[in-house]
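Numbering (our numbering), first residue to last: 81 to 730. Don't be surprised by glycine CBs; every beta carbon is placed ideally from N, CA and C. Just so it is clear, the structure is predicted and the values come from calculations on it, not from any experiment.
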Amino acid sequence: PGGKATAVIREVASTLGLTPERGVKVRLTGPAVLSDEEFATVADGAVLNGVITLLLVGLVLWLALRKARIILAVLVTLVCGLLYTAAIGLWLVGALNLISIAFAVLFVGLGVDFGIQFCVRYRSERHASRNLEPALLGTARGMAAPLLLAAASIATAFFSFLPTAYRGLSELGLIAGIGIIIALATTLTLLPALLTVLKPPAEQKPIGFAALAFLDRFLEKRRNWIVGTTLAATILGLPLLAGLRFDFNPLNLRAQDAESVVTLLDLMKVPDTSPNTIDVLKSDLAQASATAEKLRQLPEVGRVLTLESFVPKEQDAKLTLIEDASFFLQNTLSPHEVDAEPTPAETQAVIGKLVVELSDAAQTRRLASAELSDVARDLDSPAAVQARRLASVLEPLVNAPPAALDEAQHALIAPLRTTLRQARHLLDAERVSIETLPPELKKAWMSTDGRFRIEVMPKGDGNDNAVLRRFVTAVHSVAPEAVGTPVFMIEAATTVVKAFLQAGILSLLLIALILFVALRRWIDVALTLVPLLVAIVVTLESCVLVGLRLNFANIIALPLLLGVGVAFKIYYIIAWRSGETNFLQSSLTRAILFSACTTAIAFGSLCFSHHPGTSSMGKLMALSLLTTLAAAVIFQPALMAATQQQKRLA
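In structure tokens:
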């Protein structure tokens, strides 16, 4: 949106000669420029990254499904479901925001999982029955229960975001929850219909990973060791969670080498130009002055301004000094008689004389008693160097044409006249009071209802999170009603974290209740939720170990972790309850593995984005998918095997 304005500013700067060739560098920042450069950063390499990601996702789908017609059916079902969800979501909330738009990420990740689960089971049934319709009926009977239970649990988890105070997260929960219901409906209706129309060929080979039979034997043999080691490592790593941090500074989510960001960071180093200030409103000037004085005593505060800050102190003494200076400088700044303007020849003669005098002063004039070493040292003194430099600049003007002389005179004399005019104005000072301040200035510091504003600036780096947090805490200890950008950032982060904690706890409780209603045994509920909790905790512990902070962008990966995680665990617990064993070589693990790979590639590719926020989202998504896959494929089968052994012993 700011492209045209930016282009005009740069064009005007170039026209005025404000270019690096002339020693001037013009840099732009502000909301419009920051937004433009952020979109440019996100788009940088996005097309290439998207093409590569699409090819890799296509490869994984091919490895999982092996039939182009089946892949086409899955993709059509996914796109239709996404469009239905987007339409209903827009109808419900009116407009998407930066948080709620993440429903697309969640829908694709979970929708493709439903599609792969259904189609891998279909391939297994098709290998057994050879005919299309019996295979679809067998798939529907086998997958209806796990998909329905998974969808109910995931949708409940997303709907748990509705009561939170964070609007973006609440809307995300609403749209994503509806999206899961739509994904289930399209998987059980549209997908089988497409398979019926497309008629993929029969399966000639059994579906599964027969080569992983040795891992099944290893899990069976070492089940207690795997369970014990995993739980011990997870519990021992709990102290790491104390080091988990939420980066509330949105500037850290932008490309740090962008001109607008670099310029803003430079401005933040100067208290007068830093946007990270805090404002306090008081009902009258006396209260504002008293509060400002308390704030000045805080070590975290660098500077405090009020309307009184623009009224000079000790005006009587200063006015006397200004009056004396005006008396002595009056004839110099405003002479009664002024000589006639010199001719170009006279000007060049004076310049030539000045060049000679500067050269003599820089090279030949020395004290008679000076030592030789002192003379050599004087030749390199700052005064001598500046004299030679000025002489070299003026010397070409001695024989310059009139046009060049006029240009030089304009460049040198015009600023001098401005300076002299400013000096005359400064010496014509009057007593200043709040009443005599310019109305434009008073409007910025005094409201129409008579309240007075206090502006508080931090001491230290105004972009450092620790500095800002201490700054806000200190200011709130004096003025709890204080507001401003740092306050907004910290309170927004607190709201987001509380919303996720509230929604996470509520969703786990509701999922546990749904699982108990469906499974009827608390031990089976525990076998489903314990691996999920392990995956969540290990993901957060890993974030601390690798130095990955949570932020407003990557925290969206946590609902995906919850959704995919609970789905994988439900698939295994349903299969285990039906008597299945040797999970790693089964078609179920094939579906789960390729589903996780598809989602990991689709969103893990965001790691390579030039945009720091998008990149951090991709990193956390890839990490969370890795942990939830390990918890589902390795830890949960070992945990179920260990539980089965205890039952046999009992």
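### Query
Any idea if W171 is buried or exposed, counting beta-carbon neighbours within 10 angstroms, 16 or more meaning buried?
Counting the other CB atoms within 10 Å of its CB gives W171 a total below 16, which places it among the exposed residues.
### Message
Assuming G169 is part of the alpha helix (DSSP H), what are its boundary residues?
### Response
Bounds of the alpha helix (DSSP H) holding G169 are 148-173.
### Task
For F648, count neighbouring Cβ atoms within 10 angstroms of its own Cβ and tell me buried if that reaches 16, exposed if not.
Result: buried.
### Proximal residues to A718 (C-beta, below 6 Å), its chain only, five neighbours per side dropped
Hits under 6 Å: L299, R303, I306, V307.
### Query
So which of R247, N177, S695, A463 has the shortest CA-CA distance to N634?
When C-alpha distances from N634 are compared across R247, N177, S695, A463, the shortest belongs to S695.
### Task
State the start and end residues of the unbroken alpha helix (DSSP H) segment that holds L255.
The sequence shown places Ile at residue 255, rather than the Leu named in the question. Unbroken alpha helix (DSSP H) run through I255: 247-268.
### Query
Which value, in whole angstroms, describes the spacing of the CA atoms of P272 and T165?
Approximately 20 Å, taken between the alpha carbons.
### Query
Straight-line CA distance for A503 to A322?
Cα to Cα, the separation comes out at about 60 Å.
### Message
Please state whether the Cβ-Cβ distance between M537 and G382 is less than 8 Å.
### Response
Against a cut-off of 8 Å, the Cβ pair of G382 and M537 comes out as a contact.
### Task
With a threshold of 16 other CB atoms inside 10 Å of the CB of T553, please say whether the residue is buried or exposed.
Flag for T553 reads exposed.
### Query
Considering only C-alpha positions, which residue in the set V512, A208, L477 is nearest to V391?
Restricting attention to V512, A208, L477, the CA atom closest to the CA of V391 is found in V512.
### Query
So is T276 buried or exposed if we call it buried at 16+ other beta carbons inside 10 Å?
Within 10 angstroms of the beta-carbon of T276 lie fewer than 16 other beta-carbons, which makes it exposed.
### Query
How many Å lie between L158 and A293 at the Cα?
Roughly 33 Å between the two C-alpha positions.
### Query
Got a sec? Which residues, its chain only, sit under 8 Å from L477 by beta carbon, not counting five neighbours each side?
Correct list, in chain order: Q428, I431, A484, L485, A488.
### Query
In whole angstroms, what is the alpha-carbon distance linking L673 and V192?
Straight-line measurement puts the Cα of V192 at about 12 Å from the Cα of L673.
### Task
Name the one or two DSSP bridge partners that I534 has.
DSSP lists V360 as the beta-bridge partner residues of I534.
#### Entry: C-alpha gap between E403 and P379, whole angstroms
A direct Cα-to-Cα measurement between E403 and P379 gives close to 39 Å.
### Reference S369; option with closest CA among L664, V350, G698, S389
Measuring from the Cα of S369, the nearest candidate turns out to be S389.
### Query
For A549, which of helix, strand or coil comes out of DSSP?
Note that residue 549 is Arg in the sequence shown, not Ala. In the three-state reduction of the DSSP assignment, R549 falls in the helix class, which pools H, G and I.
### Task
Using 7 Å as the cut-off, classify the Cβ of T575 as near or not near the heavy atoms of the ligand COA, replying yes or no.
Absence of the ligand COA from the depicted structure is noted, as is the absence of any ligand whatsoever, leaving it without description.
#### Entry: Range covered by the alpha helix (DSSP H) that runs through L686
Here L686 belongs to no alpha helix (DSSP H), and DSSP marks it neither H nor E.
### Query
Are the segment 705-721 and the segment 136-150 touching by the rule of at least three beta carbon pairs closer than 8 Å?
At 8 Å Cβ cutoff, the stretches do not touch.
### Task
Go ahead and pull the three-state DSSP assignment for F241.
Three-state result, F241: coil.
### Query
Do L270 and L228 have their C-beta atoms closer together than 8 Å?
Taking 8 Å as the Cβ cut-off, L270 and L228 do not qualify as a contacting pair.
### Limits of the alpha helix (DSSP H) - the one that G645 falls within
Run containing G645: 637-657, per the alpha helix (DSSP H) assignment.
### Task
Put V563 into one of helix, strand or coil per three-state DSSP.
When DSSP states are grouped into helix, strand and coil, V563 belongs to the strand group.
### Query
Ends of the alpha helix (DSSP H) at L625?
Counting along the chain, L625 sits inside the alpha helix (DSSP H) bounded by residues 602-626.
#### Entry: Helix, strand or coil at L108 according to DSSP, with G and I counted as helix
In the three-state reduction of the DSSP assignment, L108 falls in the coil class, being assigned neither a helical nor a strand state.
### Cβ separation of A615 and L641, assumed to be a contact under 8 Å, to the nearest whole Å
The pair is a contact, with the Cβ atoms about 7 Å apart (cut-off 8 Å).
### Three-state class that DSSP yields for L477 in the structure shown
In the structure shown, L477 sits in a helix (DSSP, three-state: H, G or I).
### Message
Check whether the segment 243-256 and the segment 191-210 are in contact - that is, three or more C-beta pairs closer than 8 Å.
### Response
Contact between the segment 243-256 and the segment 191-210 is absent, because fewer than three Cβ pairs lie under 8 Å.
### Query
Around the C-beta of R457, are 16 or more other C-beta atoms found within 10 angstroms, so that it is buried, or is it exposed?
Residue confidence is low: R457 scores 48 on pLDDT, short of 50, so the model does not pin down where it sits. Its coordinate-derived value is still stated next. By the neighbour-count rule (16 or more Cβ atoms within 10 Å), R457 is not buried but exposed.
### Task
Please work out which residues of its chain come closer than 7 Å, Cβ to Cβ, to V156, disregarding the five sequence neighbours upstream and downstream, and give them in chain order.
The beta carbon of V156 is closer than 7 Å to those of L274 in its chain, skipping five residues each way along the sequence.
### Query
Whose CA, out of R102, T661, A85, A573, lies closest to the CA of L108?
The closest CA to that of L108, considering only R102, T661, A85, A573, is found on A85.
### For L385, the residue or residues it bridges with in DSSP
Paired residues: E535.
### Task
Using the Cα positions of T498 and G103, report the straight-line distance between them to the nearest angstrom.
In a straight line, the C-alpha of T498 is about 22 Å away from that of G103.
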